[in-house]
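Protein chains in written order, with the working numbering: chain X, 1 to 629; chain A, 1 to 356.
Structure first, then comments.
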């Protein structure tokens, strides 16, 4: 995996615009492409690994959707791949079904939408958009990727165990995940899961600390917090949430390792299984759920906030309008980030937790809908009276807003503990979080790839293929997840291998078939993207310096920025990143590094006063490579 | 042979697609560099959003109305009616919001597509607007929270003293019910360390309340009487899910849980109402518990109270079914145990009373 993504960017450093004043020297293959400390290379490493995982996670979901949509299908043709997991009757093994569900969740939530999304865009965009040569610590940043790589290898290996990978659901609730006698996947598979996740958390913390430090300390001159693009704000909050919540998952995993291997009883008590009463006494499975969701809920925002940040930037750029309510956007993200820590127990309304706690968490949960609503209204207002260009990035950003709305609104049902009694652990929940966190974040990620591809690889992706990819995926995702609402209202429980045992859940074979078919087509559509991605990397149209006429700093770098990003001095920043279509200005955008003194025709009265400050400090004249107009 | 043909076909199609892609690429290059912003692609995408909006909202309303009976699960409990009402109120509020926002968004997207020479409006903020759409959702949510809280507090409040108590035990992969027995109406103590192949409840036979407890593999419930389910699990997490009663509560090893509710329709009434003579209430497991999670079913029978009491009286005590376990009963209680378990004729209620 690592070696493939390395060849791909082999032209990145071939240019002479390398920044020699930086301490970095021309290294060899290993230091440039494998153990690189350049944030851009690390970002691409995260991206390629993330794409690998996304394909694998998607394929796993299609396999279990075959079982759900076409329960009578003979799956013997999967035998070459799945071997023993296909029963002699040509059916999927029920235990492997659970393993597929578990690994799909784990892979998508952690390896794709956390590492793939934050890892890629925080690494790539933070230094470029705040005007820094690199991350605060390139070395820790490199470690962050390689810990993730190690974690990936271990998680991947667990797929090939004879007892199967972890199978207790991605939430790995004990006692099921603690007792190999309860399910085969809780043997070595679960051990590897826990080891992989421990390494993953290390990677995530190394990355997060770096992102926070970089944003606080390495902003270029003039880049005050109130001039930062919303992408950076979103990635900043994401990193903070991650640093505060991942250690709790680490603790939870550690205690589970103790219970599994060293006979402690943190989560286990009163268990009679396999013909014997276990010695564990006094533990509480609920404790694990509290610890898990203390990360688990912020995790939702760890995957969602970067997507919101990326789309804010892309929507503003392609609407040719300032993002509406910049400060309200930051405020709502801050509010969401804070609230995300005090809503976790809404995943546990019917676990037997004290009902009074349920009331409190219901109250706090529904409050989080307010900042989310504000964000949606602000996106819609940003589109109003815009001059919208439907680039592929823009299409996927619009898709993201649509999923965020559709999936977010069902959160009002689930956050209400009285209504949640019926809906908990049904397909309604599956529909809800796949739209609001899965698909919305996934679309944010794709939007980001399409939008920043020119900066990553110096070439443009094909826009027609991008549009086709968008429409197939957008419609496909709705066809997959919208019908699940009905199935959920009808009470169908999730993680069921088959529903035929119950009369109550015997209907909806047609909808399940539709969902599975749509899932297959949606996965197939992703190959259009893959083709576009790899083809454009080598043969795409050469990217202009600023292909989207965007305001942010990354577009002031050379087409293929070397290590250090800018040749010569880093540009200073004078204005916020959203001066699009400013009345009076010649172009419909004014990049952040253009001082007010150069744009007297469009300055607001208050901005004219700032001109004095620009020159009085003697460094108003900034040399940036190439004229940008 | 067939698979060879299929794979050749697939390769052919991919090759054709690639050729189309190359040709269209060459055509674009041949046409020369052109500002693509206002091109046809932009107009097509804008129009497609309107098509998507109309088709998807149309499909949404059509399916929701036409197939209402298929996805709307009949309700047969007191609190279920209440939570269903809350559900549909929330549905009304959110569908209205959803439809308005969706239409506004897609119409904006179409209306404000790129036009040559057009300039976007510089409109960075408006505090009144922002205040309005902070406060309005907050008020709507406050109402939903308030109604939800009332229902939740009522549902989770302590059960009435005379509620019918039934214990449900989850294990891989079956449910078992334990009834307190007609003689004392109280569940006997249990301890997981006492569980063995026969004593699956872990019944503590030093507790006199355990003597008349009986086991059932079918959940019998009386109609119109408050029921208190006492729930526990033997091995891993399970979750009691009674879809028609809108009941769901996890079964947790080491932490007994409970749920109180009142059923409003007997099985027969439901059969008549649905016109389905084969209808049965069902209990499902809603928390992943292993290989057989999807088959963890228990049949539920809801009867009029008299029929229910009759059924209860006809059930044999667990101790009577397993007389070997009499030796675990302390000597002083043996006689009482025999009487309560129905293994020995009750010499008179006064004797039983004295033993109590």
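Glycine included, each C-beta is placed from N, C-alpha and C at the ideal position.
**Request:** Verify the CB distance criterion: does residue 5 of chain A have a CB-CB separation below 8 Å to chain B?
**Result:** Absent here is chain B; the protein component of the structure consists of chains X and A.
**Request:** Could you check what DSSP says for residue 250 of chain A in three-state terms: helix, strand or coil?
**Result:** The residue given as residue 250 of chain A occupies position 250 in the second chain. Residue 250 of chain A falls in the strand class under three-state DSSP.
**Request:** Kindly indicate if chain X contains any beta-carbon less than 8 Å away from that of residue 134 of chain A.
**Result:** Numbered from its first residue, the second chain carries residue 134 of chain A at position 134. So, interface residue.
**Item:** Proximal chain X residues relative to residue 239 of chain A, where beta-carbon distance stays under 9 Å
**Value:** Here residue 239 of chain A is taken as the residue at index 239 of the second chain, counted from 1. In chain order: 350, 351, 424, 425, 493.
**Item:** Cβ shell of residue 257 of chain X (< 7 Å), same chain only, five flanking positions each side left out
**Value:** Taking the first chain and counting its residues from 1, the one referred to as residue 257 of chain X is at position 257. Contacts found: 194.
**Request:** Kindly say whether residue 357 of chain X, judged by its beta-carbon, lies nearer than 8 Å to any beta-carbon of chain A.
**Result:** Here residue 357 of chain X is taken as the residue at index 357 of the first chain, counted from 1. So no, residue 357 of chain X is outside the interface.
**residue 127 of chain A classed as buried or exposed, judged by whether at least 16 other C-beta atoms fall within 10 angstroms** = Looking up residue 127 of chain A in the second chain gives position 127. Exposed, by the Cβ-count rule.
**Request:** Decide if the stretch 352–362 of chain X is in contact with the stretch 92–112 of chain A; the criterion is three or more beta carbon pairs, one per stretch, under 8 Å apart.
**Result:** no
**Request:** Please report how far the alpha carbon of residue 273 of chain A lies from the alpha carbon of residue 164 of chain A, in whole angstroms.
**Result:** Within the second chain, numbered from 1, the residue matching residue 273 of chain A stands at position 273. Within the second chain, numbered from 1, the residue matching residue 164 of chain A stands at position 164. Cα to Cα, the separation comes out at about 26 Å.
**Asked** Beta-carbon separation of residue 125 of chain A and residue 324 of chain X under 8 Å?
**Response** In the second chain, counting from the first residue as 1, residue 125 of chain A sits at position 125. In the first chain, counting from the first residue as 1, residue 324 of chain X sits at position 324. Cβ atoms of residue 125 of chain A and residue 324 of chain X: closer than 8 Å.
**Prompt:** For residue 620 of chain X, does the three-state DSSP call read helix, strand or coil?
**Reply:** Here residue 620 of chain X refers to the residue found at position 620 when the first chain is read from its first residue. Here the model assigns residue 620 of chain X a pLDDT of 44, short of 50, so the residue's position is not dependable and the matter cannot be decided.
**Asked** Can a CB atom of chain X be found closer than 8 Å to the CB of residue 293 of chain A?
**Response** The residue you call residue 293 of chain A lines up with position 293 of the second chain. Yes, contact with chain X.
**Candidates A:130, A:289, A:16, of which the one nearest residue 177 of chain X by Cα** = By one-based count along the first chain, residue 177 of chain X stands at place 177. Among A:130, A:289, A:16, the Cα nearest to that of residue 177 of chain X belongs to A:289.
**Request:** Could you check if residue 175 of chain X is buried or exposed, using at least 16 other CB atoms within 10 Å of its CB as the buried criterion?
**Result:** Start at 1 with the first residue of the first chain, and residue 175 of chain X comes out as number 175. By the neighbour-count rule (16 or more Cβ atoms within 10 Å), residue 175 of chain X is buried.
**Message:** One question on the structure: do residue 577 of chain X and residue 227 of chain X come within less than 8 Å of each other, judged by their Cβ atoms?
**Reply:** Looking up residue 577 of chain X in the first chain gives position 577. Looking up residue 227 of chain X in the first chain gives position 227. The answer is yes: Cβ separation under 8 Å.
**Prompt:** Looking at chain X, which residues of the stretch 173–194 of chain A have a Cβ within less than 7 Å of any of its Cβ atoms?
**Reply:** 192, 193
**Message:** Tell me which residues of the stretch 95–124 of chain A have at least one Cβ-Cβ distance to chain X shorter than 8 Å, keeping chain order.
**Reply:** 97, 98, 101, 102, 104, 105, 108, 109, 112, 113, 114, 115, 118, 119, 120, 121, 122, 123, 124
**Message:** So, at 6 Å on beta carbons, what are the nonlocal neighbours of residue 548 of chain X in its own chain, with the 5 sequence-adjacent residues on each side left out?
**Reply:** The residue labelled residue 548 of chain X in the question sits at position 548 within the first chain. Around residue 548 of chain X: 317.
**Asked** Are any of the Cβ atoms in chain A nearer than 8 Å to that of residue 362 of chain X?
**Response** The residue labelled residue 362 of chain X in the question sits at position 362 within the first chain. So yes, residue 362 of chain X belongs to the interface.
**Prompt:** Taking only beta-carbon atoms, is residue 287 of chain A less than 8 Å away from chain X?
**Reply:** Along the second chain, read from residue 1 onward, the residue named residue 287 of chain A stands at position 287. Yes - at least one Cβ of chain X is within 8 Å of the one on residue 287 of chain A.
**Message:** Whole angstroms are fine: how far does the CA of residue 13 of chain A sit from the CA of residue 90 of chain X?
**Reply:** For the purposes of this step, residue 90 of chain X is identified with residue 90 of the first chain, where counting begins at 1. For the purposes of this step, residue 13 of chain A is identified with residue 13 of the second chain, where counting begins at 1. Taking the straight line from one Cα to the other gives about 30 Å.
**Asked** Which residue from X:602, X:95, X:334, X:543 puts its Cα closest to that of residue 450 of chain X?
**Response** Your numbering for residue 450 of chain X matches position 450 in the first chain. Residue X:543 is the option with its Cα nearest to residue 450 of chain X.
**Asked** Does the beta carbon of residue 366 of chain A come closer than 8 Å to any beta carbon on chain X?
**Response** What the structure shows of chain A is the stretch from 1 to 356, and residue 366 of chain A is not part of that stretch, so it cannot be assessed.
**Message:** Per DSSP, what are the beta-bridge partners of residue 216 of chain A in this structure?
**Reply:** Here residue 216 of chain A corresponds to residue number 216 of the second chain, with the count starting at 1. Paired residues: A:177.
**Prompt:** When burial is assigned at 16 or more other CB atoms within 10 Å of the CB, is residue 454 of chain X buried or exposed?
**Reply:** Here residue 454 of chain X is taken as the residue at index 454 of the first chain, counted from 1. Buried is the call here.
**Message:** Please identify the residue among X:276, X:36, X:333, X:481 whose C-alpha is closest to the C-alpha of residue 135 of chain X.
**Reply:** Locating residue 135 of chain X in the first chain gives position 135, counting from the first residue. X:36 is the residue among X:276, X:36, X:333, X:481 whose C-alpha sits nearest the C-alpha of residue 135 of chain X.
**Message:** Please classify residue 345 of chain A as buried or exposed, where buried requires at least 16 neighbouring CB atoms within 10 angstroms.
**Reply:** Along the second chain, read from residue 1 onward, the residue named residue 345 of chain A stands at position 345. When all chains shown are included, residue 345 of chain A counts as exposed.
**Prompt:** Skipping 5 residues on each side, what residues in its chain have a beta carbon closer than 7 Å to that of residue 42 of chain A?
**Reply:** Here residue 42 of chain A is taken as the residue at index 42 of the second chain, counted from 1. Shown here for residue 42 of chain A: same chain residues with a beta carbon closer than 7 Å to its own, the five before and five after excluded, namely 113, 114 in chain order.
**Prompt:** Do the CB positions of residue 173 of chain X and residue 285 of chain X come within less than 8 Å of each other?
**Reply:** Your numbering for residue 173 of chain X matches position 173 in the first chain. Your numbering for residue 285 of chain X matches position 285 in the first chain. Against a cut-off of 8 Å, the Cβ pair of residue 285 of chain X and residue 173 of chain X comes out as a contact.
**Message:** I need the DSSP call for residue 472 of chain X, collapsed to helix, strand or coil.
**Reply:** For this step, residue 472 of chain X is matched to residue 472 along the first chain. Three-state result, residue 472 of chain X: helix.
**Message:** Residues in the same chain with beta-carbon distance under 8 Å from residue 189 of chain X, minus the five sequence neighbours each way, listed in chain order, please.
**Reply:** Walking along the first chain from the start, residue 189 of chain X turns up at place 189. Taken in chain order, the residues that qualify are 99, 158, 161, 163, 164, 165, 166, 167.
**Prompt:** For residue 337 of chain A, which of A:231, A:149, A:207 has the nearest alpha-carbon?
**Reply:** The residue labelled residue 337 of chain A in the question sits at position 337 within the second chain. Ranked by Cα distance from residue 337 of chain A, the first of A:231, A:149, A:207 is A:207.
**Message:** For a test of the three-state rule: what should DSSP assign to residue 24 of chain X, helix, strand or coil?
**Reply:** By one-based count along the first chain, residue 24 of chain X stands at place 24. For residue 24 of chain X, the predicted model reports a pLDDT of 49, less than 50, meaning its position is unreliable; a value from the coordinates is still stated below. Three-state DSSP puts residue 24 of chain X in coil, outside helix and strand.
**Request:** Check the Cβ of residue 77 of chain A against every Cβ in chain X and list those closer than 7 Å, keeping chain order.
**Result:** To locate residue 77 of chain A, count along the second chain from 1; it is residue 77. None at all; the shortest Cβ gap to chain X is about 10 Å.
**Asked** What does residue 137 of chain A reach in chain X if we use C-beta pairs closer than 7 Å?
**Response** Taking the second chain and counting its residues from 1, one reaches residue 137 of chain A at position 137. Those within 7 Å of residue 137 of chain A in chain X are 369, 370, 373.
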